[in-house]
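For reference, the structure is listed below as structure tokens.
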Amino acid sequence: MMTRPLVSLVTVFWNGADDVARFLDAIAVARTRLPFGIEVVAVDNASTDGTADALAARDPSVVLIRNARNVGFAPACNQALEAARGRFLLLLNPDCEADADAIAGMVRYLARHRRVGAVGCALLHGDGLPQNSWHHDPSWWSYWGSHSLLSPALLRVTKRLHRALGRNGHPRRVDWLMGACLMVPRAVYERIGGLDAAYFMYSEDADWCRRIRDAGFAVVHLPRWSMVHHHGTSARRRPEFAFRRLYRSMLMYANKHLGVAGARALRAAILADMALRRPIYTLTGNAARLESVRLVMRAYRSNRPTLIVEPDAEPC
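Under our numbering, residues 148 to 463 are what the sequence shown spells out, in order.
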């Protein structure tokens with residue numbers, strides 16, 4: 148009989164053959180330093196670049212689920228969560244590098260704090276500077292610092308502050324954690340359920356953390372520990388698809404969780420941001436992004452997420 152692992156590391160690949168070696172090598176190193184077992188449950192979302200075969204060849208112990216089509220990130224995560232056997236379930240993106248100290252620290256914290264339903268560690272860029280690994284609930288004001296035209300400038304200010312002040316290592320209750328690295332106890336997963344499969348990608352982590360909090364559990368960020376996250380490697384392969392899905396998912400989240408007034412305020416903020424973007428994309432000749440902005444504005448004006456459709460040239 149196989150020994151049940153303490154941690155199930157759940158991940159979803161889509162055309163990520165270039166990430167396979169780095170991802171699995173980091174896990175192999177982490178395993179040598181951890182006093183408990185880890186299993187890896189990976190879903191390949193119909194990759195066409197040999198990702199699934201690379202995973203199987205590199206580490207035959209990986210529990211590998213091969214999808215015949217790209218079902219989306221949230222549904223694929225749910226497939227992996229259903230197959231996982233661990234007491235603690237760690238969502239980890241394939242562009243992250245697993246760290247033994249971070250995994251052990253998150254496990255210890257959850258084991259000691261039974262009313263905590265989800266934890267995540269700090270996420271770092273390759274240069275060691277922090278990413279926004281936790282967020283406030285989506286709202287009209289948090290949008291400007293996270294996804295708007297102004298957010299890159301605000302992020303540069305944040306990075307300078309981190310350089311000057313260093314990182315605070317104290318646990319902090321937050322609204323939601325990035326699904327790139329998010330650990331949940333099995334007991335919470337069995338009570339709350341998995342990710343909302345209506346989200347193809349984006350906002351599923353905010354939604355999951357919201358449901359965890361609504362059930363009376365805390366969501367906690369643990370900046371004492373960190374992992375490197377090579378942010379957005381999959382999204383960069385299909386930028387318009389990612390852009391449209393981001394705004395489609397945010398509108399779905401707003402209508403599900405923010406109430407009439409909150410959803411209306413977020414829609415107004417995003418419409419204002421799109422109005423700022425439109426002349427820039429016109430001047431730079433970015434026709435693909437202009438079309439995406441047009442679809443977003445039409446969907447947000449009518450409050451119909453399904454109006455934001457996938458680009459014809461990119462897979463869904």
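We put the CB at the ideal spot given by N, CA and C, even for glycine.
As assigned by DSSP and simplified to three states, the class of residue i
i      : result
Thr158 : strand
Ile212 : strand
Ser373 : strand
Ile185 : strand
Gly292 : helix
Gly264 : strand
Glu457 : coil
Ala269 : strand
Val331 : strand
Asp248 : helix
Ala345 : coil
Val190 : strand
Pro277 : strand
Asp165 : helix
Phe220 : helix
Leu257 : helix
Leu202 : helix
Val367 : strand
Arg234 : coil
Pro462 : Residue confidence is low: Pro462 scores 43 on pLDDT, short of 50, so the model does not pin down where it sits. Its coordinate-derived value is still stated next. Coil, per DSSP.
Arg151 : coil
Asp242 : coil
Arg320 : strand
Cβ pair residue i, residue j closer than 8 Å
i      : j      : result
Val209 : Val187 : yes
Leu423 : Tyr447 : no
Ala435 : Met330 : no
Trp291 : Ala416 : yes
Leu271 : His376 : yes
Cys224 : Met374 : no
Asp322 : Cys356 : yes
Arg234 : Pro332 : yes
Asn240 : Ala327 : yes
Ile212 : Ala227 : yes
Ser293 : Met325 : no
Straight-line gap, residue i to residue j (C-alpha atoms, nearest Å)
i      : j      : result
Ala164 : Leu454 : 32 Å
Ala177 : Ala251 : 10 Å
Ala460 : Arg216 : Caution is warranted here: a pLDDT of 47 is assigned to Ala460, below 50, making its placement in the model unreliable, and no coordinate value can be reported.
Ser295 : Arg441 : 16 Å
Thr195 : Asn162 : 6 Å
Ala203 : Ala168 : 11 Å
Asp352 : His282 : 11 Å
Thr431 : Leu153 : 52 Å
Cys463 : Phe388 : Confidence is the limiting factor: at Cys463 the pLDDT is only 38, short of 50, which leaves the residue's position unreliable and the question unanswerable from this model.
Leu464 : Arg338 : Outside the modelled stretch of the chain, which goes from 148 to 463, sits residue 464, for which no answer is possible.
Tyr346 : Leu393 : 10 Å
Asn95  : Val443 : The first residue shown for the chain is 148 and the last is 463, placing residue 95 beyond what the model contains.
Val398 : Asp284 : Looking at the sequence itself, residue 398 is Leu, so the reference to Val does not match. Their Cα atoms are separated by approximately 13 Å.
Pro370 : His317 : 7 Å
Val254 : Asn214 : 30 Å
Pro452 : Gly406 : 16 Å
Asp274 : His378 : 12 Å
Gln278 : Pro299 : 12 Å
Pro182 : Ala245 : 15 Å
His368 : Asp200 : 35 Å
Phe390 : Ala362 : 31 Å
Arg180 : Arg261 : 25 Å
Val190 : Ala230 : 10 Å
Phe160 : Asp166 : 9 Å
Same chain, Cβ closer than 8 Å to residue i, neighbours up to 5 away in sequence not counted
i      : result
Asp172 : none
Arg384 : Asn162
Closer than 7 Å: residue i CB and nearest the ligand NAP heavy atom
i      : result
Ile174 : Among the components of this structure there are no ligands whatsoever, and the ligand NAP is therefore not found.
Other residues of its chain near residue i: CB distance less than 7 Å, five sequence neighbours each side excluded
i      : result
Asp343 : Ala221, Glu351, Asp354
Leu257 : Phe235, Val263, Val266, Met330, Pro332
Ile359 : Gly264, Ala265, Val335, Ile339, Val366
Trp287 : Ala412, Leu413, Ala415, Ala416
Own chain, CB closer than 6 Å to residue i, minus 5 neighbours either side, in chain order
i      : result
Met148 : Residue placement at Met148 is poorly supported in this model, since its pLDDT is 45, which falls under 50; the coordinates still yield a value, given next. If we look at Met148 and ignore the five residues flanking it on each side, it has no Cβ neighbours.
Asp248 : Trp372
Arg425 : Val440
Arg151 : Arg232
Report the residue ranges of all alpha helix (DSSP H) runs contained in full by the region 388 to 455; include only those spanning at least 4 residues, in chain order.
-> For the region 388 to 455, the continuous alpha helix (DSSP H) assignments of 4+ residues that do not extend past its boundaries occur at 406 to 430, 434 to 449, in sequence order.
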